[in-house]
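Asker: Going by our numbering, the sequence shown opens with residue 54, and the numbers climb by one from there.
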Amino acid sequence: MKKWIFFALALFSSSASAQLLTYRAGDPFVFCTYGQINPLRCWMPISAAAGTVWTDPTCDPPNAPYGRPWTQDDYLSLEEWYAICPGVGQGIWMGPGTGQEAPAPH
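1) Shortest alpha-carbon distance to E132 belongs to which of V83, G120, G88, S100?
2) Leaving out five residues before and five after P98 in sequence, what residues of the same chain have Cβ atoms less than 6 Å from its Cβ?
3) Determine the burial state of Y128: buried for a count of at least 16 other Cβ atoms within 10 Å of its Cβ, exposed for fewer.
4) Less than 8 Å between the beta carbons of T86 and A101, yes or no?
5) Taking 8 Å as the limit between beta carbons, can you name the residues of its chain near G150, skipping five residues before and five after?
6) Counting only the same chain and skipping the five closest in sequence on each side, list residues whose C-beta sits under 7 Å from that of D126.
7) When the Cα atoms are used, what is the spatial distance from F82 to L93?
8) Take Y76 as the anchor and find which of W146, M147, C138 has the nearest alpha-carbon.
9) Taking Cβ to Cβ, would you say G104 is nearer than 8 Å to G140?
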């Protein structure tokens, strides 16, 4: 009986952890609003609440033989964006600038 209780407690005692954000200095508001910081990115977010992104037509998948290839950061950041951002109801930025400058440019 004691072993059963121990295993039940061990099963339910796992700690909850948040998903780590790799891009934009870990700032989910800026990442979900603007995407990655790369100026030649192959995708840009349109709406985090709707889960929609715009893919650049000059990149490979839409323009296969002649387009610019997607980088590893393009694929990883898009995958991370879909894992974290869709369905999130965001408010508007209330501080100065666009949110990318506070507390430091990121």
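All C-beta atoms, glycine included, are put in the ideal place defined by N, C-alpha and C.
Answerer: Let me lay it out:
1) Taking the first residue of the sequence shown as position 1, residue 132 is located at position 79. When each option's Cα is compared against that of E132, the closest is G88.
2) Stepping through the sequence shown from its first residue, residue 98 is reached at position 45. G88, V106.
3) In the sequence shown, residue 128 corresponds to position 75, counting from 1. With fewer than 16 Cβ atoms within 10 Å of its Cβ, Y128 is classed as exposed.
4) Position 33 of the sequence shown, counted from the start, is the residue given in the question as residue 86. Position 48 of the sequence shown, counted from the start, is the residue given in the question as residue 101. Contact: yes.
5) For the purposes of this step, residue 150 is taken as residue 97 along the sequence shown, with counting starting at 1. Contacts found: none.
6) In the sequence shown, the residue the question calls residue 126 occupies position 73. Excluding sequence neighbours, D126 sits near Q89, N91.
7) By one-based count along the sequence shown, residue 82 stands at place 29. By one-based count along the sequence shown, residue 93 stands at place 40. Going from the Cα of F82 to the Cα of L93 covers about 21 Å.
8) Working through the sequence shown from its first residue, we reach residue 76 at position 23. The candidate whose alpha carbon is nearest that of Y76 is C138.
9) Start at 1 with the first residue of the sequence shown, and residue 104 comes out as number 51. Start at 1 with the first residue of the sequence shown, and residue 140 comes out as number 87. If you check the CB distance, G104 and G140 come in under 8 Å.
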